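For reference, the structure discussed in these notes is given below.
Structure follows, in structure tokens:
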């Protein structure tokens, strides 16, 4: 028997690109916002595929965010490289890029002179800058600085509080650190003091309960924190608070993060200048330093989301390959769902949906994944990821005509229900091949070229 007819009569269909076909060339994407419509939809940003095929990546697609989903070695990084290479080439001085780089590949391929690199390597790469926590606090509006300090302390102590058998001491250490930072920031404002990470670490190494109490007594709204280390408290109690304070701060503010510097990720994003900020995540020390990378990304997202739509121009690209490696980002969901009007464009890569669920929980994790308007799906070996992709475009109804080998039976017509993307469509993908799932168009099969063959 063979198929004489296999036609979709309800729902979408999984399409194929013909040799030489460039997707979205000379056509509009259904549902495209008027401000993105251009003559012939010309775009400098695109992905080259085999047999002369290609996919144009337009502003409207970027504004709704792009996710590459695929198992290890499936080819997703090659597609990410193509997207980023084209995007950087077409960037203007009003754009800025923030890379979360877990493997060093993005720094190697996309670094340009003048870019910023935050690294904890013993031999710092070209462009390395030293982050200054105080500069990022001072870059926020004065009335928001205490709030920023509180968020910083919460991020840096979150893992200790959640994993501690005595969370009261970890929470107290968090409050102590927040109060210390607030006092020092106010001294910068009122006394002209200068502070950086190196000076902070040095001060804390010499700090005692007496010096901390003396620092905080100048500011009435912070005096309550002194109760943690009140002079009448037992020595063991005070030592427990300091132990958690030292353990967290000295682990995080180590290596390159303990050096004197003046870099502020908030200020760099405001300047833009078409530059990139590379956050070089060292997986060998990730368990220790992951909170500071979470903090840097949260500071960046918070600053962007807090701006007024009418006052900002340009794009803020977040390149987040393997972003589930870092703890939960406080503003990830908002960046995806509310950042479009502010120029936020997230381009991310993950191996499976379970990674996201593990960090964010099933409900928020699925909300984050659904926030990506376009998904490039590569080979997947886990059922949860394949199921999510299979149901992304919903159900379909087909009329199937089969020619029987028995001449007496003639043609057999059946009406079949199924998914637009079936499980076998995903499992049959070759290495490097993907299914492109746009936000408001039918999905299609695509075979991108290796990145090295496009440059």
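In the numbering used here, the protein residues as written are 828 to 1282.
C-beta atoms are modelled at their ideal positions from N, C-alpha and C, and glycine is treated no differently.
Since the model is a prediction, treat every value here as computed from it, not as a measurement.
For residue i, count neighbouring Cβ atoms within 10 angstroms of its own Cβ and tell me buried if that reaches 16, exposed if not.
{"i": "residue 1041", "result": "exposed"}
{"i": "residue 1022", "result": "buried"}
{"i": "residue 1238", "result": "exposed"}
{"i": "residue 1215", "result": "buried"}
{"i": "residue 899", "result": "exposed"}
{"i": "residue 865", "result": "At residue 865, the pLDDT of 44 sits below 50, so the modelled position is not reliable and the matter cannot be decided from this model."}
{"i": "residue 1118", "result": "buried"}
{"i": "residue 985", "result": "buried"}
{"i": "residue 1020", "result": "exposed"}
{"i": "residue 891", "result": "buried"}
{"i": "residue 867", "result": "Unreliable positioning characterises residue 867 in this predicted model, as indicated by a pLDDT of 43, which lies under 50. The coordinate reading is nonetheless provided below. When all chains shown are included, residue 867 counts as exposed."}
{"i": "residue 846", "result": "exposed"}
{"i": "residue 1061", "result": "exposed"}
{"i": "residue 1071", "result": "buried"}
{"i": "residue 1305", "result": "Because the chain is modelled from 828 through 1282, residue 1305 falls outside the range shown and cannot be assessed."}
{"i": "residue 1268", "result": "buried"}
{"i": "residue 1278", "result": "buried"}
{"i": "residue 1107", "result": "buried"}
{"i": "residue 805", "result": "The structure shown does not extend to residue 805, since the chain spans only 828 to 1282, so no value can be given for it."}
{"i": "residue 962", "result": "buried"}
{"i": "residue 1176", "result": "buried"}
{"i": "residue 914", "result": "buried"}
{"i": "residue 1089", "result": "exposed"}
{"i": "residue 1057", "result": "exposed"}
{"i": "residue 1220", "result": "buried"}
{"i": "residue 1240", "result": "exposed"}
{"i": "residue 1242", "result": "exposed"}
{"i": "residue 1283", "result": "This structure does not reach residue 1283, given that the chain is present from 828 up to 1282, and the question cannot be answered."}
{"i": "residue 1162", "result": "buried"}
{"i": "residue 987", "result": "buried"}
Shortest alpha-carbon distance to residue i belongs to which of the options?
{"i": "residue 1183", "options": "1174, 1000, 1074, 1212", "result": "1212"}
{"i": "residue 848", "options": "1133, 1271, 1164", "result": "1271"}
{"i": "residue 1045", "options": "1012, 1155, 1075", "result": "1012"}
{"i": "residue 1018", "options": "1024, 1010, 1111", "result": "1010"}
{"i": "residue 952", "options": "940, 960, 961, 874", "result": "940"}
{"i": "residue 1180", "options": "947, 1210, 840, 975", "result": "1210"}
{"i": "residue 1260", "options": "878, 902, 852", "result": "902"}
{"i": "residue 978", "options": "843, 1266, 1122", "result": "1122"}
{"i": "residue 935", "options": "1203, 956, 912, 918", "result": "912"}
{"i": "residue 1217", "options": "1054, 1153, 1169, 1203", "result": "1203"}
{"i": "residue 1168", "options": "1133, 1195, 1146, 1147", "result": "1133"}
{"i": "residue 893", "options": "850, 1241, 1200", "result": "1200"}
{"i": "residue 844", "options": "1281, 969, 1282, 1263", "result": "1263"}
{"i": "residue 1073", "options": "1150, 1141, 1028", "result": "1028"}
{"i": "residue 1282", "options": "1093, 895, 873", "result": "873"}
{"i": "residue 1164", "options": "1149, 1146, 1128, 1153", "result": "1128"}
{"i": "residue 1253", "options": "1208, 1275, 1244", "result": "1208"}
{"i": "residue 954", "options": "1103, 1066, 982", "result": "1103"}
{"i": "residue 1098", "options": "837, 921, 885", "result": "921"}
Looking at the unbroken alpha helix (DSSP H) that takes in residue i, where does it start and where does it end?
{"i": "residue 1254", "result": "1250-1254"}
{"i": "residue 1224", "result": "Taken as a continuous stretch (DSSP letters only), residue 1224 belongs to no alpha helix (DSSP H), being part of the beta strand (DSSP E) at 1222-1230."}
{"i": "residue 1024", "result": "1024-1033"}
{"i": "residue 844", "result": "No alpha helix (DSSP H) holds residue 844; DSSP gives it neither H nor E."}
{"i": "residue 1211", "result": "1210-1217"}
{"i": "residue 976", "result": "972-990"}
{"i": "residue 1246", "result": "Run containing residue 1246: none in the alpha helix (DSSP H); it sits in the beta strand (DSSP E), 1238-1246."}
{"i": "residue 1043", "result": "1036-1043"}
{"i": "residue 1177", "result": "Premise fails: residue 1177 lies in the beta strand (DSSP E), 1171-1177, not in any alpha helix (DSSP H)."}
{"i": "residue 960", "result": "960-965"}
The beta strand (DSSP E) that contains residue i, what's its start and end?
{"i": "residue 875", "result": "873-875"}
{"i": "residue 944", "result": "943-945"}
{"i": "residue 1194", "result": "Residue 1194 -> not in any beta strand (DSSP E); alpha helix (DSSP H) instead, spanning 1189-1197."}
{"i": "residue 886", "result": "Per DSSP, residue 886 belongs to no beta strand (DSSP E); it is in the alpha helix (DSSP H), 886-890."}
{"i": "residue 1262", "result": "1261-1264"}
{"i": "residue 881", "result": "881-883"}
{"i": "residue 1271", "result": "1271-1273"}
{"i": "residue 1202", "result": "1201-1204"}
Could you check whether the Cβ of residue i sits closer than 8 Å to any Cβ belonging to chain C?
{"i": "residue 1101", "result": "Given the protein chain composition of this structure (a single chain), no chain C is represented."}
> Counting only runs that start and end within the stretch 1067-1125, where is the alpha helix (DSSP H) found for 4 or more residues in a row?
Replying inline: 1092-1098
>> Please give me, in chain order, every unbroken run of the alpha helix (DSSP H) with length at least 4 that falls completely inside the stretch 1126-1169.
In response: Qualifying alpha helix (DSSP H) stretches, in chain order: 1159-1165.
>> Which runs of the beta strand (DSSP E) at least 3 residues long sit entirely within the stretch 896-933? Give them in chain order.
In response: Counting whole runs of 3 or more residues, the stretch 896-933 contains the beta strand (DSSP E) stretches 923-928.
> Do three or more CB pairs link the stretch 1184-1191 to the stretch 905-917 at distances below 8 Å?
Replying inline: no
> How do the stretch 1069-1086 and the stretch 1101-1120 stand: do at least 3 beta-carbon pairs fall below 8 Å, yes or no?
Replying inline: yes
>> Runs of 4 residues minimum, wholly inside the stretch 992-1017: which ones carry the alpha helix (DSSP H) assignment?
In response: none
>> Can you confirm whether the stretch 982-1002 touches the stretch 1024-1044 when touching is taken to mean that 3 or more C-beta pairs between the two stretches lie within less than 8 Å?
In response: no
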